[in-house]
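K.L.:
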Amino acid sequence: MPVLVMKFGGTSVANIDRIRRAAKRVGVEVAKGYDVIVIVSAMSGKTNELVGWVNETSPMYDAREYDAILSSGETVTAGLMALTLQEMDVPARSWQGWQVPLKTNSAHSAARIEEIPTDNINAKFGDGMRVAVVAGFQGISPEGRITTLGRGGSDTTAVAFAAAFEAERCDIYTDVDGIYTTDPRIASKARKLDKIAFEEMLELASLGAKVLQTRSVELAMRYNVKLRVLSSFEEQSDNAGTLVCDEEDIVESNVVSGIAYSRDEAKMTLVSVADRPGIAAAIFGPLSDAGVNVDMIIQNIAEEGRTDMTFSCPTDQVKRAEKALNGAKESGEINYHDLIADTDVAKVSAVGIGMRSQSGVAAKMFKTLSDEGVNIKVIATSEIKISVLIDRKYMELAVQALHDVFELEKTA
Ligand code: ASP
Ligand code: MG
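All residue numbers in the sequence shown are consecutive under the working numbering, ending with 454.
1. Hey, quick one: how far does the alpha helix (DSSP H) through Glu157 stretch, first residue to last?
2. For Thr117, I'd like the list of residues in its chain whose CB is within less than 6 Å of its CB, leaving aside the five on either flank, ordered along the chain.
3. On a Cα-Cα basis, can you pick out the residue from Glu98, Ala206, Lys66 that is closest to Arg264?
4. Collect the residues with a C-beta less than 6 Å away from any heavy atom of the ligand MG and give them in sequence order along the chain.
5. Just to confirm, are Ala440 and Ile432 a CB contact at a threshold of 9 Å?
6. Which residue comes first and which comes last in the beta strand (DSSP E) that contains Trp137?
7. Taking the C-alpha atoms as reference points, what is the distance between Asp109 and Val175?
8. Closer than 6 Å by C-beta to Ala324: which residues in its own chain qualify, once you throw out the five before and the five after it? Chain order, please.
9. Buried or exposed for Glu245, going by 16 or more other Cβ atoms inside 10 Å?
10. Out of curiosity, what's the CA-to-CA distance linking Gly51 and Ser274?
11. Buried or exposed for Lys237, please, with buried defined as at least 16 other CB atoms from any protein chain shown within 10 angstroms of its CB.
12. List the endpoints of the continuous alpha helix (DSSP H) containing Tyr12.
13. Spatial neighbours of Ala316 within its chain, please: C-beta separation below 7 Å, excluding the five flanking residues on both sides.
14. In terms of residue numbering, what span does the beta strand (DSSP E) encompassing Ala84 cover?
15. Just how far apart, CA to CA, sit Leu312 and Ile428?
16. Terminal residues of the continuous alpha helix (DSSP H) containing Lys406?
17. Who are the near neighbours of Ile111 in its chain, counting only those whose CB is closer than 6 Å to its CB and skipping five residues on each side?
18. Write down the C-beta distance between Ala200 and Lys74 rounded to the nearest angstrom, noting that I regard them as a contact closer than 8 Å.
19. Determine the burial state of Met243: buried for a count of at least 16 other Cβ atoms within 10 Å of its Cβ, exposed for fewer.
20. For Phe179, is the beta carbon positioned less than 8 Å from some heavy atom of the ligand ASP?
21. Specify the secondary structure class of Asp331 as computed by DSSP and reduced to three states.
22. By DSSP's criteria, Thr126 is part of a beta bridge. Which residues make up the other side?
23. Rounded to whole angstroms, what's the CA-CA distance from Asp537 to Ile61? Just pull it up for me.
24. Start and end of the beta strand (DSSP E) containing Arg270?
25. Expressed to the nearest angstrom, what Euclidean distance is found between the alpha-carbon atoms of Ile382 and Met310?
26. Apart from the five residues just before and just after Ile426, which ones in its own chain have a Cβ nearer than 7 Å to its Cβ?
27. Name, in chain order, the residues that DSSP records as bridge partners for Asp384.
28. Among Lys166, Asp104, Asp161, which has the Cα closest to the Cα of His460?
29. For Ile221, which three-state DSSP category applies?
30. Starting from the C-beta of Lys435, find all residues in its chain whose C-beta is less than 8 Å away, skip the five residues before and the five after it, and write them out in chain order.
31. Is it a yes or a no for the region 154 to 171 touching the region 215 to 222, going by three-plus beta-carbon pairs under 8 Å?
32. Drop a sphere of 10 angstroms on the beta-carbon of Glu277, count the other beta-carbons inside from all chains shown, and report buried for 16 or more, exposed for fewer.
33. Report the rounded CA-to-CA distance for Ser258 versus Thr146, giving the unit in angstroms.
34. Count Cβ pairs between the region 65 to 82 and the region 227 to 234 that sit closer than 8 Å; are there 3 or more?
35. Just the Cα atoms here: how many angstroms apart are Leu285 and Lys365?
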């Protein structure tokens, strides 16, 4: 029988009533003839509560115990979902990550999936079981300890199961009805997209559209898993959600598909560093060793052998970056006159696969921002994305203006 993966996020399993409603949706798919693998998150708020308890107990916690504790939220919902389905006369059984076993590496709290054997669950499907309910987020390390896949990791569990079982589709049920052209709370004209390409979704996911864990989109792209994001709160009939798919499956699209933003950016400038071969390596090496996620970089024109180097990173990594750079200065690896951190900036990006074949998008974006009197501090581009760093107070304005100028409220 064809396999369908259905993943329910925290708000979709927030209480017993919500679990019942989710189970009804599962029942509908079973009746259509699918064998279903249900992946569940913890009840909403549960994982945060567990993190709180860990921190209260041991601020410098042991990551193996952190994972043992955090994984418990999903264990509970998996059992409850299986029981609920059984109450509805749907043959169902729950699995914890280690029982599958979902094998990961040993990177506790951010583990990578290495293998998902299918024989165990397939044997049960062969025996008449119709639904395998699997606790999302959990795995088992080579040492036999429970691991977790990082916050939001149930999405990745779902996609990995869809790939392993060659599922027809992977439906991600959440509390929004799909992926929007931008955040509807910022631009009221934001429109739900019917389809979005993996690569675009990847840019949007990592830029702060927090619907899917970035890793899950990477996996879906690699294994060409058809991903659908849809609401578990809406009526089933008019709820097609957004399909995240290969760009070849998208016939028509706007040049720009979405405007993303990220509030928590900081801009750091090293004033007057020596302009010599190896200087970039000497600056960004220590930053990378310190785990700073450098995003955009600009090096200014040199004057008298000295130049300014500017980069952006998440606001909460500024202290770490300062420490790494000061350390490199003290040890004589680099030399600069001043280190300036500007934490009042935000990043706004236009994303779209259509940019590959159309020029002028950047020019239009810069003109629009200039007409609004918004100063651009740093620019970065890729094949399908243009990002600018601007003062945070103009972020909303910039998102709205760009959404308007690229006419994202209209379908292609
Ligand atoms: N419960 C975990 C979290 O909140 C995993 C997930 O829901 O995807 O991060
Ligand atoms: Mg999530």
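Backbone N, C-alpha and C fix where the C-beta goes; we use that ideal spot for every residue, glycine too. Model, not experiment: these values are computed from the prediction.
P.N.:
Taking the definition as stated:
1. Stepping through the sequence shown from its first residue, residue 157 is reached at position 115. Going by DSSP, Glu157 is part of no alpha helix (DSSP H) but of the beta strand (DSSP E) stretching over 155 to 157.
2. The residue given as residue 117 occupies position 75 in the sequence shown. Leaving aside the five residues that flank Thr117 on each side, the residues in its chain whose CB is nearer than 6 Å to its CB run, in chain order, Gln138, Ala177.
3. Counting from one through the sequence shown, the residue named residue 264 turns up at place 222. Of Glu98, Ala206, Lys66, the residue nearest in Cα terms is Ala206.
4. The set, ordered by position in the chain, is Gly51, Gly194, Asp197.
5. Position 398 of the sequence shown holds residue 440. Position 390 of the sequence shown holds residue 432. The beta carbons of Ala440 and Ile432 sit closer together than 9 Å.
6. The residue you call residue 137 lines up with position 95 of the sequence shown. Segment 134 to 137, the beta strand (DSSP E) holding Trp137.
7. Translated into positions along the sequence shown, residue 109 becomes position 67. Translated into positions along the sequence shown, residue 175 becomes position 133. Asp109 and Val175 have their C-alpha atoms spaced approximately 20 Å apart.
8. Counted from its first residue, the sequence shown places residue 324 at position 282. Taking Ala324 as the centre and dropping the five residues before and after it, the same chain places the C-beta of Glu375, Ile376 closer than 6 Å to its C-beta, in chain order.
9. Counting from one through the sequence shown, the residue named residue 245 turns up at place 203. Per the 10 Å Cβ criterion, buried.
10. Residue numbering aside, residue 51 sits at position 9 when the sequence shown is read from its first letter. Residue numbering aside, residue 274 sits at position 232 when the sequence shown is read from its first letter. The C-alpha of Gly51 lies about 9 Å from the C-alpha of Ser274.
11. The residue you call residue 237 lines up with position 195 of the sequence shown. By the neighbour-count definition (other C-beta atoms within 10 Å, threshold 16), Lys237 is a buried residue.
12. Since the first residue shown for the chain is 43 and the last is 454, residue 12 is missing from the structure and cannot be characterised.
13. On the sequence shown, position 274 is the one that residue 316 refers to. The answer, listed in chain order, is Gly347, Arg348, Asn377.
14. Translated into the one-based positions of the sequence shown, residue 84 becomes position 42. Ala84 -> no beta strand (DSSP E), and no H or E assigned at all.
15. Translated into positions along the sequence shown, residue 312 becomes position 270. Translated into positions along the sequence shown, residue 428 becomes position 386. For Leu312 and Ile428, the distance between alpha carbons rounds to 24 Å.
16. As a first step, residue 406 must be located in the sequence shown, where it is residue number 364. Looking at the DSSP string, the run of the alpha helix (DSSP H) that includes Lys406 is 403 to 413.
17. If you number the sequence shown from 1, residue 111 lands on position 69. Here the set comprises Leu92, Val96.
18. The residue you call residue 200 lines up with position 158 of the sequence shown. The residue you call residue 74 lines up with position 32 of the sequence shown. About 19 Å separates the beta carbon of Ala200 from that of Lys74, a gap too long to meet the 8 Å contact definition.
19. As a first step, residue 243 must be located in the sequence shown, where it is residue number 201. With 16 or more neighbouring CB atoms inside 10 Å of its own CB, Met243 falls in the buried class.
20. What you label residue 179 is simply residue 137 of the sequence shown in a count that begins at 1. For the ligand ASP, at least one heavy atom lies less than 8 Å from the Cβ of Phe179.
21. To locate residue 331, count along the sequence shown from 1; it is residue 289. Correct three-state label for Asp331: helix.
22. On the sequence shown, position 84 is the one that residue 126 refers to. DSSP, once it has assigned bridges, lists no residue as partnering Thr126.
23. Residue 537 is absent from the structure shown; the chain starts at 43 and stops at 454.
24. Mapped onto the sequence shown, residue 270 falls at position 228. Looking at the DSSP string, the run of the beta strand (DSSP E) that includes Arg270 is 269 to 273.
25. Numbered from its first residue, the sequence shown carries residue 382 at position 340. Numbered from its first residue, the sequence shown carries residue 310 at position 268. If you take the alpha carbons of Ile382 and Met310, they lie about 6 Å apart.
26. If you number the sequence shown from 1, residue 426 lands on position 384. So the qualifying residues of the chain are Glu241, Glu242, Glu245, Val393, Gly394, Ile395, Met397, Arg398.
27. By one-based count along the sequence shown, residue 384 stands at place 342. Beta-bridge pairing by DSSP links Asp384 to Lys309.
28. Outside the modelled stretch of the chain, which goes from 43 to 454, sits residue 460, for which no answer is possible.
29. Here residue 221 refers to the residue found at position 179 of the sequence shown. Look at Ile221 here: in three-state DSSP terms it is coil, with no helix or strand label.
30. By 1-based counting over the sequence shown, the position of residue 435 is 393. Asp386.
31. The region 154 to 171 is not in contact with the region 215 to 222.
32. Position 235 of the sequence shown, counted from the start, is the residue given in the question as residue 277. Within a 10 Å sphere around the beta-carbon of Glu277 sit fewer than 16 other beta-carbons, which makes this residue exposed.
33. Within the sequence shown, residue 258 is the residue found at index 216, counting from 1. Within the sequence shown, residue 146 is the residue found at index 104, counting from 1. Roughly 15 Å separates the two Cα atoms.
34. Proximity of the region 65 to 82 to the region 227 to 234 falls short of the contact definition, fewer than three beta-carbon pairs being nearer than 8 Å.
35. Your numbering for residue 285 matches position 243 in the sequence shown. Your numbering for residue 365 matches position 323 in the sequence shown. C-alpha separation (whole angstroms): 43 Å.
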